[in-house]
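Single-structure report; data block below.
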Amino acid sequence: MQASKAVLFITTGTVLLFRIYSATEYRNRAKYTDFPYVVRLLIDKSGGKMICAGSLIHPQWVLTAAHCTTDYKFIQVHAAIKEAEKGTANSSQELSAEKCISYPGFINKLALIGMNLNNDYSLIRLEGSFEVDNKNVGLVVLENRTWSDDEQRNCLAVGFGAIHDSEGLYFFSVNAVHASCPCKTKKYLLERYICTTISEKYGSSICPGDSGGPLICDDKQVGLASHTYPGQRCDLFSTRTHKTFGCDKPGTVSSFTYVCPVLSWIRKNVGDSIPIQPAYC
Numbered sequence: 001m002q003a004s005k006a007v008l009f010i011t012t013g014t015v016l017l018f019r020i021y022s023a024t025e026y027r028n029r030a031k032y033t034d035f036p037y038v039v040r041l042l043i044d045k046s047g048g049k050m051i052c053a054g055s056l057i058h059p060q061w062v063l064t065a066a067h068c069t070t071d072y073k074f075i076q077v078h079a080a081i082k083e084a085e086k087g088t089a090n091s092s093q094e095l096s097a098e099k100c101i102s103y104p105g106f107i108n109k110l111a112l113i114g115m116n117l118n119n120d121y122s123l124i125r126l127e128g129s130f131e132v133d134n135k136n137v138g139l140v141v142l143e144n145r146t147w148s149d150d151e152q153r154n155c156l157a158v159g160f161g162a163i164h165d166s167e168g169l170y171f172f173s174v175n176a177v178h179a180s181c182p183c184k185t186k187k188y189l190l191e192r193y194i195c196t197t198i199s200e201k202y203g204s205s206i207c208p209g210d211s212g213g214p215l216i217c218d219d220k221q222v223g224l225a226s227h228t229y230p231g232q233r234c235d236l237f238s239t240r241t242h243k244t245f246g247c248d249k250p251g252t253v254s255s256f257t258y259v260c261p262v263l264s265w266i267r268k269n270v271g272d273s274i275p276i277q278p279a280y281c
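For the sequence shown, the positions run 1 to 281 when the UniProt record's numbering is used.
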């Protein structure tokens, strides 16, 4: 039987209480050197504090989820998050956000429960630049190839989802499918999503603290963690629905926003170091 604990999930300034079921057999503790481009965001909002993940795409720019940065008051960004192992130097770095840019099409229809977030992309420009050494702090490569709708890929989701502590970096394997998500029917929206579902082999989902974290396929970032919802019941307002899905619960669908369709927007803001968007994603 899995142990459980209550945690606070803060979304867009609203504090929510979820029951978290640990899945240590599926989640793996990572060293920050395994994913040197992953940063932790400590966010102050009017409704409380929030922890999100993000990825360093430029020494001065972070890619994360728009619901993390909406209505923020202050954001502290930590790279090389954990102290180095005993006997070695502490290589952690911290910078504050100078400004945040949400994607123009960002829509949070259900802000009350923090779900159904369309175009959930945000860029954070930092007040300075991180020192990149490609060991402790590195830059992620954004994938810019076409992903066919019927192609399944084995990928890694990375973030700070609450298992034992809020500072630990974790990763878990997922079977990812592009443009094929339960309950999402509009073609335009489907093309912007990558979805994964809990199964016997893949037993974890997006949890509080994972939001904005990268989805990595073939060593490149293809998406970022956005939200979860029940795959069997699409009525998100149902009381029964809320009892049957959530962090690491069977039947929960994890929804990642697909990065490829917004590469031109990222490149426009960040610069020519970002890959060119292909004709079709």
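Idealized CB from N, CA, C, for every residue including glycine.
Short Cβ contact (8 Å threshold) for residue i with residue j
i, j, result
"Asn136", "Thr33", "yes"
"His256", "Leu215", "First, the amino acid is wrong: residue 256 is Phe here, not His. Yes."
"Asn144", "Cys260", "yes"
"Cys247", "Cys207", "yes"
"Leu126", "Leu95", "yes"
"Val140", "Gln221", "yes"
"Arg192", "Tyr258", "yes"
"Ser46", "Lys73", "yes"
"Asp120", "Ala66", "yes"
"residue 336", "Gly209", "No answer is possible for residue 336: it lies beyond the span of the chain, which begins at 1 and ends at 281."
Spatial distance of residue i from residue j (CA atoms)
i, j, result
"residue 282", "Thr197", "Look at the range of the chain in this structure, 1 to 281, and you will see that residue 282 is not part of it."
"Gln93", "Val77", "8 Å"
"Asp150", "Asp218", "17 Å"
"Ile194", "Pro230", "15 Å"
"His227", "Leu117", "7 Å"
"Ala30", "Pro36", "10 Å"
"Pro250", "Ser122", "29 Å"
"Gly48", "Ile276", "38 Å"
"Ser254", "Ser173", "12 Å"
"Cys148", "His178", "It should be pointed out that residue 148 corresponds to Ser in this sequence rather than to Cys. Using only the alpha carbons, I get a separation of about 7 Å."
"Ile75", "Asp44", "6 Å"
"Ile57", "Pro104", "19 Å"
"Ser211", "Ala97", "17 Å"
"Arg267", "Ser55", "15 Å"
"Pro278", "Asp272", "14 Å"
"Asn269", "Asn154", "30 Å"
"Asp71", "Thr252", "28 Å"
"Val262", "Gly138", "22 Å"
"Cys100", "Cys183", "30 Å"
"Val62", "Gln152", "27 Å"
"Ala265", "Ala79", "Inspection of the sequence shows that residue 265 is occupied by Trp rather than by Ala. So the alpha carbons of these two residues sit roughly 24 Å apart."
"Ala225", "Leu142", "15 Å"
"Val38", "Thr146", "24 Å"
"Leu42", "Ile274", "25 Å"
Expected contact under 8 Å - CB spacing of residue i and residue j to nearest Å
i, j, result
"Ala53", "Gly223", "12 Å between Cβ atoms; not a contact."
"Thr64", "Ile124", "6 Å"
"Arg40", "Ser204", "Between Ser204 and Arg40 the Cβ distance is about 19 Å, and since that is not below 8 Å, they are no contact."
Residues that DSSP places opposite residue i in a beta bridge
i, result
"residue 342", "In this structure the chain extends from 1 to 281, so residue 342 is not present and cannot be described."
"Pro214", "Leu224"
"Lys139", "It is Leu, not Lys, that sits at residue 139 in the sequence shown. Note: Leu139 sits in no beta bridge, so no partner."
"Thr257", "Tyr193, Leu224"
"Trp61", "His58, Arg125"
"Ser173", "Leu156"
"Gln93", "Ala79"
"Asn28", "Phe171"
"Ser102", "Ser122"
"Pro230", "Thr252"
"Ile107", "Asn118"
Distance cut-off 7 Å: residue i Cβ against heavy atoms of the ligand FAD
i, result
"Thr64", "The ligand FAD is not among the ligands present in this structure, which contains no ligands whatsoever."
Quiz item: Are at least three pairs of beta-carbons, each pair with one atom in the stretch 121 to 130 and one in the stretch 150 to 164, less than 8 Å apart?
Solution: no
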